[in-house]
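Enquirer:
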Amino acid sequence: MEINLEKETALVEAILYLESDPVDEAAISRIAGLDKTIITEVLERLAEKYQAEDSGLELSRIGGGVIISPKREFWESLRERYGRKNETRISRAAMETLSIIAYSQPITRAEIEAIRGVSADNMIRLLLEKELIRESGKKDVPGKPSQYSTTKEFLKQFR
Numbered sequence: 254m255e256i257n258l259e260k261e262t263a264l265v266e267a268i269l270y271l272e273s274d275p276v277d278e279a280a281i282s283r284i285a286g287l288d289k290t291i292i293t294e295v296l297e298r299l300a301e302k303y304q305a306e307d308s309g310l311e312l313s314r315i316g317g318g319v320i321i322s323p324k325r326e327f328w329e330s331l332r333e334r335y336g337r338k339n340e341t342r343i344s345r346a347a348m349e350t351l352s353i354i355a356y357s358q359p360i361t362r363a364e365i366e367a368i369r370g371v372s373a374d375n376m377i378r379l380l381l382e383k384e385l386i387r388e389s390g391k392k393d394v395p396g397k398p399s400q401y402s403t404t405k406e407f408l409k410q411f412r
């Protein structure tokens, strides 16, 4: 017997619509006041709903969270009109630094500089400002240097 979850599905859909960042199932459960098993079922139903050809949306999982976004097939058409207003390209050096961090995370500034062969101070500062990386801890060696890892914003922009 299939349970009718129309109101719950509509509520979760509204929550995801209002959230601009991915939301994990525990947070959705807390916001909606629903059990996690119901949230899992509702998310499956939403994913099926958005898979229909007449839907321009999809349910995406990013960094442990869920977000509603336009289907990939429409991105180019939408970018022309709705491209990010603050979207700025990052330099080749910043992209190189970001790729090193993404591949080797967590990684220290000294380790990045050893791979790149040049100072990484400005690139790390830029990537921190753009919230593409974050300080994720301290390495357990003398001097306790900061370690860097990518963020959910990185996952959103480079999915």
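Position one of the sequence shown corresponds to residue 254 (our numbering), numbered consecutively onward. We put the CB at the ideal spot given by N, CA and C, even for glycine.
1. Pair every Cβ in the segment 394-402 with every Cβ in the segment 349-360, then say whether three or more of these pairs are closer than 8 Å.
2. Does DSSP classify Thr404 as helix, strand or coil?
3. May I ask you to report which of helix, strand or coil DSSP gives Thr293?
4. Could you tell me if Glu259 is buried or exposed, where buried requires 16 or more neighbouring beta carbons within 10 angstroms of its beta carbon?
5. Roughly how many whole angstroms lie between the Cα atoms of Glu326 and Ile281?
6. Taking the alpha carbon of Thr262 as the point to measure from, which residue in Glu406, Gly390 and Lys289 has its own alpha carbon closest?
7. Please list, in chain order, all residues of the same chain as Ala347 whose beta carbon is under 8 Å from its beta carbon, the five residues on each side excluded.
Expert: Straight from the coordinates:
1. Touching, per the Cβ criterion.
2. If you number the sequence shown from 1, residue 404 lands on position 151. Of the three classes helix, strand and coil, the one that applies to Thr404 here is coil, per DSSP.
3. As a position in the sequence shown, residue 293 is number 40, starting the count at 1. Assignment of Thr293 by DSSP, reduced to helix, strand and coil, places it in the helix class.
4. Looking up residue 259 in the sequence shown gives position 6. Glu259 should be labelled exposed.
5. In the sequence shown, counting from the first residue as 1, residue 326 sits at position 73. In the sequence shown, counting from the first residue as 1, residue 281 sits at position 28. Each residue's CA atom was taken as its position, placing Glu326 and Ile281 some 27 Å apart.
6. One-based indexing of the sequence shown puts residue 262 at position 9. The shortest Cα separation from Thr262 among Glu406, Gly390 and Lys289 belongs to Lys289.
7. Mapped onto the sequence shown, residue 347 falls at position 94. Cβ neighbours of Ala347 beyond the five flanking positions: Met376, Leu379 and Leu380.
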